[in-house]
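Asks: Quick one: the structure is below, questions incoming.
There are 2 protein chains.
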Amino acid sequence: MAEAGLPRTVGLLGAGVIGAGWAARFLLHGVDVRLFDPDPEAARKVGEVLDNARRALRRLTLAPIPAEGDLTLVSSPEETVSGCDFVIESAPEREQLKRKLLAAVDVVIEPDVVIASSTSGLLPSRLQRDMRHPERMLVGHPFNPVYLLPLVEVCAGERTSPASVERAAAVYRALGMSPLIVRKEIDGFIADRLLEALWREALWLINDDVATVSEVDDAVRLGAGLRWAAMGSFQSYRIAGGEDGMRHFLAQFGPALQWPWTKLTDVPELTDELLDRIVAQSDEQADGMGVREMERLRDDCLVAVLQALRAQDVGAGAVLARHERALLGGVPGREDGDAEDGEGRPLHRGRVQPEWVDYNGHAHESRYLQVFGDATDGLLRRLGVDAAYLDGGNSFFTVETHLSHLGEASAGDDLAVTTQLLAADEKRLHVFHRMTGGNDGTVLATAEQMLLHVDTGLGRAAPANGEVLARVRALAARHATLPLPDRAGRSIGMARPASA
Amino acid sequence: MAEAGLPRTVGLLGAGVIGAGWAARFLLHGVDVRLFDPDPEAARKVGEVLDNARRALRRLTLAPIPAEGDLTLVSSPEETVSGCDFVIESAPEREQLKRKLLAAVDVVIEPDVVIASSTSGLLPSRLQRDMRHPERMLVGHPFNPVYLLPLVEVCAGERTSPASVERAAAVYRALGMSPLIVRKEIDGFIADRLLEALWREALWLINDDVATVSEVDDAVRLGAGLRWAAMGSFQSYRIAGGEDGMRHFLAQFGPALQWPWTKLTDVPELTDELLDRIVAQSDEQADGMGVREMERLRDDCLVAVLQALRAQDVGAGAVLARHERALLGGVPGREDGDAEDGEGRPLHRGRVQPEWVDYNGHAHESRYLQVFGDATDGLLRRLGVDAAYLDGGNSFFTVETHLSHLGEASAGDDLAVTTQLLAADEKRLHVFHRMTGGNDGTVLATAEQMLLHVDTGLGRAAPANGEVLARVRALAARHATLPLPDRAGRSIGMARPASA
């Protein structure tokens, strides 16, 4: 078991977009998955979603991920749940179909195994009616793509036990998700009521030929959508209220709610003509991009947005940060092991952040030095330069740097820096860093640096002291046997004429 | 004029959250702003918004930003528009008030000056009724914070001229925004119909005690809000339809539109009790954070999300990327004045930002290279490397840098960089930068760099071409007479033993 709270084996009923997403999320957290879907193409489709999920997760986090679970496709619902300690139903949104499925598996597994439905809005009190053990049944409604979005709405039915809710919430948290407990059982729960309201209005805009699907999408993603990702609706409006906050906002924009700004009273009829129009506009927007390709683009955007919000510790970014700490805590050693030894093993790992990229599409040159600076800091920590040493009026300052750019790093690239101490005396460190990127270990850049030990009180060079000096000497002696790097000692010049 | 399309002076009527946001966006693009608002606190509030906007813009982009425009607060609407070549009305959402304002300024400025209203949903055909020159009036509806979100809905009234729409769209584009032309004049235009639909449903959820404001916000920002920022609504749903796309999605979820998942038929009455509840829940969510602080947190999130999407060249990120290329191409004027002459006069000026300072109390070493990189960009612009040149598949990449640190720069220090072209041929630039700080012109650092001209399509070195190559040769010839800097051609080494 990769983390406390996770089941050992999960049974999944249905392998559409949502079921396949659940499969990916569980498998990539080390949980074995048993899966049933009558679609003869299910294995291929799940495999494709899983490929996209692996790719997304590798970009999302540097935290240690457990070994993948095993995926088994089986041929009946009853077989699916055999030996499982958690079950999720993700069948089409038809109440009778779901009730039949739930009742069928209910009678074949231990009554303490929780069964969750992925329904977007059907009431659990109705879905659990034909079950012998309705207390174990609840709704756990996720959002597409399930392997990236942290939200899962948890809604109990009339007969659901509190223990089942707790168990399900623990499973979702262990998967890095954020369960939102729906306290009042209503159709559509919370999120889908909001989504449906927006979607219904969007359909009217198409129906009335006010806008195309592409214009509606731009109206969302170039404006309020950016705020929604960061802060949701109410908090955005609180800020829009200015110094007087929410009350002022409500006073100013409350009246508009009474104006005819939305098509309140009706639903557009999905005539063949309207369906054709939406499909044609959507095809035009997609511009030939297939669904898997579009999923990858969407995932890249979501990964980038999640990472951006993680840096702010806000919303879904805060959920991701918590999950990474949990993953790190659960797998001791790995990062420590890397830093154990500077000879050939990376002293520092990093990742190219989106904001590092300049107009050439690669990381700005100063960011390479930032990463090398982090590696130098890693070296200094290893030499015993800690807060106490700094507070005592000692530090090392870089006095010279020679950077060579040999390749290009793009947003999301993983970087590793290995560091060699070329020479040292009591006041100086002469170091050589190599930065490699990607899986193939291409050298992207090197940095040769001279650092001077300073008495920060006097503001001038002074010998390093005590344990730090001893460690400097020991490391210099060990590294003295390493070959001198090709690019060490270089100067810049144009002696040779340019080749044609 | 900082960029083609921008007015020289804009007149702003109203300095609430939206008006102040417009002021910030124009000022930071080098446009002079004349502003009227009856609020005696207007100057302070605009100043605070402007501070936050400056902070956000510095983080958003490394592209060269023109010198700030001048802000003038005046005491009447008529005085505001005097001498302006673009006018924006951002008064409260009351039709009569707006009509009166628009009619008042209409009679005092040249009829070819466009007047745009920021209204969220009032019809331009009604707003322009009392105007003598209604053809110049239209709606340009922005989104808060105006200085960061790119969306602006442009809606013409019955009597608006096509030329006015074109002029306004050009102004918005020059500000880095993305005008969405609303083809059919309807209440609420496009975006606010969608926002209002979601907001109305959210108010019902609070009213019916289904969820708190914090739960509603989480239901948005941990789920669909992340997708909305990246792709909007229709494109997300197309993907959710799986391999069968939009038609399958509509078939599967269309029926749910007929189910009672939203409160279609009514608007919750904003009773005192409901208002109090929303305000109390919002206060709890804010947890003591003031509006300016919360704005900064929101801005940091938006900046991070915009940068994340820029790396994917999607949605608002694609708009930002286009704007950066335009800024890069089109900042003659201020920076050119400085760059007029590389011999001794600074090619670049900057200031040490607080977030640049590391644990040693000085700017991090990578920030020196960031400033030198800006100076190199300044040199390249002077050599004619603009957006068109870059779009044509040409650029200069830094291949080597030798930095020498001779002093320390602290937060708030003004920096200046002078640049000497040591040598050049058709593929290479060998440059030497000197950074001085403070009033006494102490040399803080030097950077020697080798840049290679590349064909970015082929990804390899190639000769510079046309006007750029001619300018390179001319500058190299002029600089050939300058003495070689002491620190040019250095390498790093420890041949000498350290002095005691």
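These protein sequences, in sequence, are chains A and B. Position 199 of the first sequence, counted from 1, bears residue number 199 in my numbering, the numbering being contiguous throughout. My numbering runs 1000 ahead of the 1-based position in the second sequence. Glycine included, every Cβ here is placed at the ideal spot set by N, Cα and C. Small disclaimer: the values here were computed from a predicted structure and weren't measured.
Run down chain B in chain order and give the residues with a C-beta less than 7 Å from the C-beta of Ser233/A.
Replies: Here residue 233/A refers to the residue found at position 233 of the first sequence. Leu1198, Trp1199, Ala1202, Val1216, Asp1217, Val1220, listed in chain order.
Asks: How about Asp455/A: is its C-beta nearer than 8 Å to some C-beta of chain B?
Replies: Locating residue 455/A in the first sequence gives position 455, counting from the first residue. Output row for Asp455/A: interface = no.
Asks: Along chain B, in chain order, which residues have C-beta atoms closer than 9 Å to that of Gln370/A?
Replies: If you number the first sequence from 1, residue 370/A lands on position 370. Residues of chain B passing the Cβ test: His1364, Glu1365, Ser1366, Arg1367, Leu1369, Gln1370.
Asks: What's the gap between the Cα of Leu1050/B and the Cα of Gly1140/B?
Replies: Here residue 1050/B refers to the residue found at position 50 when the second sequence is read from its first residue. Here residue 1140/B refers to the residue found at position 140 when the second sequence is read from its first residue. Going by the C-alpha atoms only, they are around 21 Å apart.
Asks: List the residues of chain A whose Cβ lies closer than 7 Å to the Cβ of Lys1098/B, in chain order.
Replies: Within the second sequence, the letter at position 98 stands for residue 1098/B. Result: empty, since nearest Cβ-Cβ is about 14 Å, beyond 7 Å.
Asks: Along the chain, where does the alpha helix (DSSP H) that runs through Ala1480/B open and close?
Replies: Within the second sequence, the letter at position 480 stands for residue 1480/B. Segment: none, Ala1480/B is in no alpha helix (DSSP H) and carries neither H nor E.
Asks: Taking the Cβ atom as the reference point for each residue, do Arg159/A and Pro134/A lie within a distance shorter than 8 Å?
Replies: Counting from 1 along the first sequence, the entry for residue 159/A is found at position 159. Counting from 1 along the first sequence, the entry for residue 134/A is found at position 134. Cβ atoms of Arg159/A and Pro134/A: closer than 8 Å.
Asks: Considering only the alpha carbon of each residue, which of Ala480/A, Ala461/A, Gly466/A lies closest to Val431/A?
Replies: Locating residue 431/A in the first sequence gives position 431, where the first residue counts as 1. Looking at the Cα atoms, Ala480/A is the closest of the given residues.
Asks: How big is the Cα-Cα spacing for Pro38/A and Ala1251/B?
Replies: Within the first sequence, the letter at position 38 stands for residue 38/A. Within the second sequence, the letter at position 251 stands for residue 1251/B. Their backbone Cα atoms lie some 19 Å apart in a straight line.
Asks: Is the distance from the Cβ of Gly1157/B to the Cβ of Pro1124/B below 8 Å?
Replies: For the purposes of this step, residue 1157/B is identified with residue 157 of the second sequence, where counting begins at 1. For the purposes of this step, residue 1124/B is identified with residue 124 of the second sequence, where counting begins at 1. Between Gly1157/B and Pro1124/B, the C-beta gap is smaller than 8 Å, which places the two residues in contact.
Asks: Note down the Cα distance separating Val1319/B from Glu284/A, rounded to an integer number of angstroms.
Replies: Residue 1319/B sits at position 319 when you count from the first residue of the second sequence. Residue 284/A sits at position 284 when you count from the first residue of the first sequence. About 20 Å.
Asks: Give the single residue among Asp486/A, Leu35/A, Glu408/A, Thr401/A whose Cα lies nearest to the Cα of Leu429/A.
Replies: Mapped onto the first sequence, residue 429/A falls at position 429. Minimum Cα distance to Leu429/A is reached at Thr401/A.
Asks: Using a Cβ-Cβ distance under 8 Å, would Ala1477/B count as near chain A?
Replies: In the second sequence, residue 1477/B corresponds to position 477, counting from 1. Not an interface residue.
Asks: Output yes if chain B places a C-beta closer than 8 Å to the C-beta of Trp228/A; else output no.
Replies: Along the first sequence, read from residue 1 onward, the residue named residue 228/A stands at position 228. Taking Cβ atoms only, chain B reaches closer than 8 Å to Trp228/A, which makes this a yes.
Asks: Within this structure, are the beta carbons of Pro1409/B and Ala1476/B separated by less than 8 Å?
Replies: Numbered from its first residue, the second sequence carries residue 1409/B at position 409. Numbered from its first residue, the second sequence carries residue 1476/B at position 476. In the sequence as displayed, the identity of residue 1409/B is Ala instead of Pro. At the C-beta level, Ala1409/B and Ala1476/B stay beyond 8 Å of one another.
Asks: Give me the Cα-Cα distance between Thr271/A and Arg292/A, rounded to the nearest whole angstrom.
Replies: Along the first sequence, one-based indexing puts residue 271/A at 271. Along the first sequence, one-based indexing puts residue 292/A at 292. For Thr271/A and Arg292/A, the distance between alpha carbons rounds to 29 Å.
Asks: Under 8 Å between C-beta atoms, does Tyr389/A make it to chain B?
Replies: For the purposes of this step, residue 389/A is identified with residue 389 of the first sequence, where counting begins at 1. So, not an interface residue.
Asks: Could you name the residues of chain B that Gln420/A contacts, counting a contact when the two beta carbons are closer than 7 Å?
Replies: Residue 420/A sits at position 420 when you count from the first residue of the first sequence. None at all; the shortest Cβ gap to chain B is about 13 Å.
Asks: Assign Ile1181/B to one of two classes, buried (16 or more other C-beta atoms within 10 Å of its C-beta) or exposed (fewer than that).
Replies: What you label residue 1181/B is simply residue 181 of the second sequence in a count that begins at 1. Looking at its Cβ environment, which holds fewer than 16 other Cβ atoms inside 10 Å, Ile1181/B is exposed.
Asks: So, Ile492/A versus Gly1493/B, is the Cβ gap smaller than 8 Å?
Replies: For this step, residue 492/A is matched to residue 492 along the first sequence. For this step, residue 1493/B is matched to residue 493 along the second sequence. The answer is no: Cβ separation not under 8 Å.
Asks: Of all the options Val1171/B, Glu1448/B, Asp1386/B, which has the alpha carbon lying nearest to the alpha carbon of Val1399/B?
Replies: Locating residue 1399/B in the second sequence gives position 399, where the first residue counts as 1. When each option's Cα is compared against that of Val1399/B, the closest is Glu1448/B.
Asks: Whose CA, out of Arg200/A, Arg460/A, Gly412/A, Asp192/A, lies closest to the CA of Leu1194/B?
Replies: Taking the first residue of the second sequence as 1, we reach residue 1194/B at position 194. Of Arg200/A, Arg460/A, Gly412/A, Asp192/A, the residue nearest in Cα terms is Arg200/A.
Asks: Within the same chain, show all residues whose beta-carbon is closer than 7 Å to that of Leu264/A, passing over the 5 residues directly before and after it, in chain order.
Replies: Locating residue 264/A in the first sequence gives position 264, where the first residue counts as 1. Here Leu264/A scores only 49 on pLDDT, less than 50, and its place in the model is too uncertain to base an answer on.
Asks: What would DSSP say about Ala437/A, mapped onto helix, strand or coil?
Replies: Locating residue 437/A in the first sequence gives position 437, counting from the first residue. For the sequence presented, residue 437/A should be read as Gly rather than Ala. Note: Gly437/A maps to strand in three-state DSSP.
Asks: My assumption, with CB atoms under 8 Å, is that Val81/A sits in contact with Gly11/A. Please give the rounded CB distance.
Replies: Residue mapping note: residue 81/A aligns to position 81 of the first sequence, counting from 1. Residue mapping note: residue 11/A aligns to position 11 of the first sequence, counting from 1. About 4 Å separates the two Cβ atoms, so the contact holds.
Asks: Provide the residue span of the beta strand (DSSP E) that contains Leu451/A, from first to last.
Replies: As a working note, residue 451/A is residue 451 in the first sequence. Note, Leu451/A: beta strand (DSSP E), 442 to 455.
Asks: Taking only beta carbons into account, state which residues of the stretch 1166 to 1186 of chain B come closer than 7 Å to chain A, listed in chain order.
Replies: Ser1178, Leu1180, Lys1184, Ile1186
Asks: With C-beta atoms as the reference, is Gln312/A less than 8 Å away from Cys1084/B?
Replies: Translated into the one-based positions of the first sequence, residue 312/A becomes position 312. Translated into the one-based positions of the second sequence, residue 1084/B becomes position 84. No; because the gap between Cβ atoms is not below 8 Å, this pair is not in contact.
Asks: Identify which residue in Asp1358/B, Arg1167/B, Val1171/B has its Cα closest to the Cα of Phe397/A.
Replies: Translated into positions along the first sequence, residue 397/A becomes position 397. Selected option, being the one with the closest Cα: Asp1358/B.
Asks: Alpha carbon to alpha carbon, what distance is there between Arg1349/B and Gly1337/B?
Replies: Numbered from its first residue, the second sequence carries residue 1337/B at position 337. Numbered from its first residue, the second sequence carries residue 1349/B at position 349. With a pLDDT of only 32 at Gly1337/B, under 50, the local geometry of the prediction cannot be trusted, and the value read off the model is given with reservation. Straight-line Cα distance between these residues: approximately 12 Å.
Asks: Anything in the stretch 1266 to 1291 of chain B with a Cβ closer than 7 Å to a Cβ of chain A? List those residues in chain order, please.
Replies: Val1267, Leu1270, Leu1275, Ile1278, Val1279, Ser1282, Gln1285, Ala1286, Val1291
Asks: On the three-pair Cβ rule with 8 Å, is the stretch 1202 to 1212 of chain B touching the stretch 201 to 217 of chain A?
Replies: no
Asks: On the DSSP bridge assignment, give the partners of Met1137/B in chain order.
Replies: For the purposes of this step, residue 1137/B is taken as residue 137 along the second sequence, with counting starting at 1. For Met1137/B, which the question treats as bridged, DSSP gives the partners Ile1115/B.
Asks: Identify every run of the beta strand (DSSP E) within the stretch 1150 to 1185 of chain B, keeping only runs that are complete inside it and at least 3 residues long; order them along the chain.
Replies: Qualifying beta strand (DSSP E) stretches, in chain order: 1151 to 1156, 1178 to 1182.
Asks: To which residues does DSSP link His1405/B through a beta bridge?
Replies: The count along the second sequence starts at 1 and reaches residue 1405/B at position 405. Answer is Ala1445/B.
Asks: Using a Cβ-Cβ cutoff of less than 6 Å, which residues in the same chain neighbour Asp187/A once the five nearest sequence positions on both sides are dropped?
Replies: Translated into the one-based positions of the first sequence, residue 187/A becomes position 187. If we look at Asp187/A and ignore the five residues flanking it on each side, its Cβ neighbours are Gly121.
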